[in-house]
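Residue numbers (my numbering): 1 to 119. No residue lacks a Cβ here, since even glycine has one placed at the ideal position from N, Cα and C. Everything numeric in this text was worked out from a predicted model, so none of it was measured.
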Amino acid sequence: MARTSKTTQESADYKVVPSLAAANALGHAIDSGSVRLVVANASGGDVDVTVSATAAAGGLDVEDLVVTVATATTAWIGPFPKGIFGQPAGANESGGDDQGRVYVGFESVTSVTCAVVAV
Numbered sequence: 001m002a003r004t005s006k007t008t009q010e011s012a013d014y015k016v017v018p019s020l021a022a023a024n025a026l027g028h029a030i031d032s033g034s035v036r037l038v039v040a041n042a043s044g045g046d047v048d049v050t051v052s053a054t055a056a057a058g059g060l061d062v063e064d065l066v067v068t069v070a071t072a073t074t075a076w077i078g079p080f081p082k083g084i085f086g087q088p089a090g091a092n093e094s095g096g097d098d099q100g101r102v103y104v105g106f107e108s109v110t111s112v113t114c115a116v117v118a119v
């Protein structure tokens, strides 16, 4: 099993009602730009969500974004500028062309659901 590609959900009639699905243990590849990752944590403990940074500034790598989603809460994470989070040419952890896409990982996926929505 590999990282899976998540499709960005668009708004309809001025609203977005995200359709959440189980998070993948190996993570997801999502669109960069004006999107938000919606993570709902129904597990018994906090879950860290890691968004891999690919940029460097002044010769130093930019740190990954790590967001702790508390138990029984939902977090909206993003946006994800391509210049900071977009994968380089040749990236293909989802089995396709991941150039410009964002890699997201989860500390645990038990009772964790997610979606990607355009904003």
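Inclusion of Asp48 and Thr71 in the CB contact set at 8 Å is not warranted, their separation being larger than that value. Cβ-Cβ distances below 7 Å link Gly27 to Arg3, Tyr103, Val104, Gly105, Phe106 in the same chain, with the five nearest sequence neighbours on each side left out; the list follows chain order. Under the DSSP assignment, Gly83 falls in the alpha helix (DSSP H) whose first and last residues are 82-85.
For Lys15, the number of other beta carbons within 10 angstroms of its own is below 16, and it is reported as exposed. Comparing alpha carbon positions, the residue from Ala53, Gly44, Ala25, Ala40 closest to Pro79 is Ala53.
Between Val67 and Ile77, the alpha-carbon positions lie close to 8 Å from each other. Looking from the CA of Arg101, the closest CA among Thr110, Ser108, Ala91 belongs to Ala91. Using a 10 angstroms sphere on the CB of Gln87, the tally of other CB atoms reaches 16 or more, which defines it as buried. Taking every protein chain shown into account, the CB of Ala115 has 16 or more other CB atoms within 10 angstroms, so this residue is buried. Here Ser5 carries a strand assignment [DSSP, helix/strand/coil]. Secondary structure at Arg101: coil, using DSSP grouped into helix, strand and coil. The bridge partners DSSP lists for Ala115 are Val38.
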